[in-house]
Ligand code: MV4
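Numbering (my numbering), first residue to last: 28 to 472.
Next up, the structure:
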């Protein structure tokens, strides 16, 4: 096992990883920008290194500074968390080139999944269902028209280097295709320096369901079930659930079997998430994320398994601690992403937290670096706390969530807690009756 791990991240996820290290008996190194000197992940660290000024490009994205911090402190492995350098294949390569272990997939797999066309091609070959669309890149408008006519309108044009909703254009009919195609290519070139685009049938009322997987170096691959992440606004998730209100246990098992078989053939390693659109009883793979995700706690709660601990063990060469048969799903979990934002306009609200009280009690988990007196800096993502509840049924989880939101006190800055309270009280949400469009409509009404 590793003697020491560097955590290349900040905020609640840095704390989350620190906790897993501590339970494994592994000292960890925190890194921080000058803006984060007073952050909880630094205060609770075994050891910490300042890696640069506030802008992320000079600190949390500063590869030489992070590698130096690891070498100077004698860390043997780096956990990237999510965001920042987590899906940068060159960073993973550089970590390895310096004799350190990257706690995550191989650089080759990170690169493959970052190229959405390559990812889809690989999954299709391995029998994972896709949305009907172009097989590979579409390089001219004549081909685009052919593909669209073949699959039928509406269609969506996506950037191969995009993902997470960046670089997507919908064409409702043949009349709008040419323009959508050229805009999509130009935007892709501008945003990613790569104008490769592909075309898919546009699904107009899907749910976003993702599957958590984990693989070790011995060829074992398991899944930890699905999360329903349909409640998003402008591609920012607000609330996630495990399991999906729309999925039966049988459908989960079938999806899991297909996905784990595919990843075993691919030789994938460590944690990953397959993203699907689910509409009219059909799954269609769209992207794969090669990192630990923000919403991993809902999976941990229903499985009773520490996913970060498994990531670290696997990276050290250990065999997965669980076979698929040992993974069972108990009850229902819901996570609210609480951000430092105006709950009506979503304008970020950095500032001083003057009082802080986190909810507690049975089935309540709060992952947060907040404390009374902490100043939320303006430089980074506005996520300040994740409230996760777990209960035997979805209805019980909703009651518990309502109670916990009521109990939560964050004073001094505005947060999205009032918005979460409105969602939890909504009858459609309570019925689990929502698609990816539900939240945009809800916040507008
Ligand atoms: C789609 C789609 C409909 N049809 N693809 C947006 C994020 C990126 N991961 C994929 N996205 C979508 N791809 C086809 N063929 C609709 C979306 C989409 C979406 C997906 C998941 C969650 C929220 C979303 C909000 C708008 C659009």
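Note that beta-carbon positions come from the ideal geometry of N, C-alpha and C, so glycine has one too.
**Item:** residue 257 beta carbon less than 7 Å from that of residue 234
**Value:** In contact: residue 234 and residue 257 (Cβ atoms closer than 7 Å).
**Collapsed DSSP secondary structure at residue 63 in the structure displayed** = Of the three classes helix, strand and coil, the one that applies to residue 63 here is helix, per DSSP.
**Message:** Beta-carbon within less than 7 Å of residue 294's beta-carbon, same chain only, minus the 5 sequence neighbours each way: which residues are those?
**Reply:** Hits under 7 Å: none found.
**Request:** Counting only the same chain and skipping the five closest in sequence on each side, list residues whose C-beta sits under 7 Å from that of residue 237.
**Result:** Same-chain partners within the cutoff: 253, 254, 256, 300, 301, 302 and 303.
**Message:** Mapping the DSSP letters down to three states, classify residue 318 as helix, strand or coil.
**Reply:** Coil, per DSSP.
**Request:** Examine ligand 1 and report whether any of its heavy atoms sits within less than 6 Å of the Cβ of residue 463.
**Result:** In this structure, residue 463 has its CB closer than 6 Å to one or more heavy atoms of ligand 1.
**Message:** Tell me the rounded alpha-carbon separation between residue 297 and residue 131.
**Reply:** Separation of residue 297 and residue 131 (C-alpha to C-alpha, rounded to the nearest whole angstrom) is 5 Å.
**Item:** Same chain only: Cβ atoms within 6 Å of residue 209, ignoring 5 sequence neighbours per side
**Value:** If we look at residue 209 and ignore the five residues flanking it on each side, it has no Cβ neighbours.
**Asked** Which same chain residues, not among the five before or five after residue 96, have their C-beta less than 7 Å away from its C-beta?
**Response** Counting only residues of its own chain and dropping the five nearest sequence neighbours on each side, residue 96 has a CB closer than 7 Å to the CB of 33, 56, 58, 76 and 78.
**Request:** For residue 214, name the three-state secondary structure that DSSP assigns.
**Result:** Here residue 214 sits in helix by DSSP.
**Request:** May I ask you to report which of helix, strand or coil DSSP gives residue 308?
**Result:** In the structure shown, residue 308 sits in coil (DSSP, three-state: anything other than H, G, I, E or B).
**Message:** What would DSSP say about residue 490, mapped onto helix, strand or coil?
**Reply:** Residue 490 falls outside the range modelled here, since the chain spans only 28 to 472, and no answer is possible.
**Asked** What separation, rounded to the nearest whole angstrom, lies between the Cα atoms of residue 338 and residue 172?
**Response** Taking the straight line joining both Cα atoms gives about 44 Å.
**Prompt:** Distance, Cα to Cα, residue 306 vs residue 287?
**Reply:** Whole-angstrom Cα-Cα distance: 22 Å.
**Message:** Considering only their Cβ atoms, is the gap separating residue 336 from residue 47 smaller than 7 Å?
**Reply:** For residue 47 and residue 336, yes; Cβs fall inside 7 Å.
**Beta bridge counterpart(s) of residue 378 as assigned by DSSP** = In DSSP, residue 378 forms a bridge with 403.
**Asked** Thinking just about the alpha-carbon of each residue, which of 416, 345 and 343 is nearest to the one in residue 323?
**Response** Residue 416 holds the alpha-carbon nearest to the alpha-carbon of residue 323 among 416, 345 and 343.
**Own chain partners of residue 161 with C-beta closer than 6 Å, once the 5 adjacent residues on each side are dropped** = These residues qualify, in order along the chain: 174, 225 and 226.
**Item:** Same chain, Cβ closer than 7 Å to residue 43, neighbours up to 5 away in sequence not counted
**Value:** Cβ within range, chain order: 335 and 394.
**Message:** Could you check if residue 192 belongs to the surroundings of ligand 1, using beta carbon to heavy atom distance under 6 Å?
**Reply:** Remark: the C-beta of residue 192 is in contact range of ligand 1, defined as less than 6 Å to any heavy atom.
**Request:** With residue 177 as the anchor, note down where its alpha helix (DSSP H) starts and where it stops.
**Result:** Segment 168-178, the alpha helix (DSSP H) holding residue 177.
**Item:** Distance CB(residue 155)-CB(residue 289) smaller than 7 Å
**Value:** Note that the C-beta distance between residue 155 and residue 289 is below 7 Å.
**Asked** Could you give the uninterrupted runs of the alpha helix (DSSP H) lying entirely in the stretch 101-172, keeping only those of 4 residues or more?
**Response** With a minimum length of 4 residues, the unbroken runs of alpha helix (DSSP H) contained wholly in the stretch 101-172 fall at 116-124, 134-141 and 143-152.
**Request:** Give a yes or no on contact between the stretch 339-346 and the stretch 366-385, applying the rule of three or more CB pairs nearer than 8 Å.
**Result:** Contact between the stretch 339-346 and the stretch 366-385 is not established, with fewer than three Cβ pairs separated by less than 8 Å.
**Message:** Closer than 6 Å to a non-hydrogen atom of ligand 1 - does that hold for the CB of residue 349?
**Reply:** No, ligand 1 has no heavy atom inside 6 Å of this Cβ.
**Request:** Return the chain-ordered list of same chain residues with a C-beta closer than 7 Å to the C-beta of residue 101, the five sequence neighbours on each side being excluded.
**Result:** Taking residue 101 as the centre and dropping the five residues before and after it, the same chain places the C-beta of 31 closer than 7 Å to its C-beta, in chain order.
**Contact under 7 Å by Cβ, residue 428 with residue 444** = No, the Cβ-Cβ distance between residue 428 and residue 444 is not below 7 Å.
**Message:** Quick check: what's the CA-CA separation for residue 215 versus residue 187?
**Reply:** Cα to Cα, the separation comes out at about 8 Å.
**Message:** Can you give me the C-alpha to C-alpha distance between residue 362 and residue 446, rounded to a whole angstrom?
**Reply:** Computed Cα separation, rounded: 14 Å.
**Message:** Considering just the uninterrupted stretch of the alpha helix (DSSP H) at residue 468, what are its terminal residues?
**Reply:** First-last of the alpha helix (DSSP H) with residue 468: 465-471.
**Message:** So, with DSSP's three-state summary, where would you put residue 280?
**Reply:** Three-state result, residue 280: helix.
**Asked** Near residue 248, what residues of its chain come up, given a Cβ to Cβ distance below 6 Å and the 5 sequence neighbours on each side ignored?
**Response** For residue 248, same chain residues with a beta-carbon under 6 Å away, outside a window of 5 residues either side, are 242, 287, 290 and 291 in chain order.
**Item:** Member of 321, 148, 29 and 64 whose CA lies at the smallest distance from the CA of residue 126
**Value:** Per the C-alpha coordinates, the member of 321, 148, 29 and 64 positioned closest to residue 126 is 29.
**Asked** Considering only C-alpha positions, which residue in the set 353, 378, 66 and 270 is nearest to residue 326?
**Response** Closest option to residue 326, Cα to Cα, is 270.
**Message:** On a Cα-Cα basis, can you pick out the residue from 164, 45 and 83 that is closest to residue 106?
**Reply:** Ranking 164, 45 and 83 by Cα distance to residue 106 puts 45 first.
**Asked** Which first and last residues belong to the beta strand (DSSP E) in which residue 236 is found?
**Response** Where residue 236 is concerned, the enclosing beta strand (DSSP E) stretches over 234-242.
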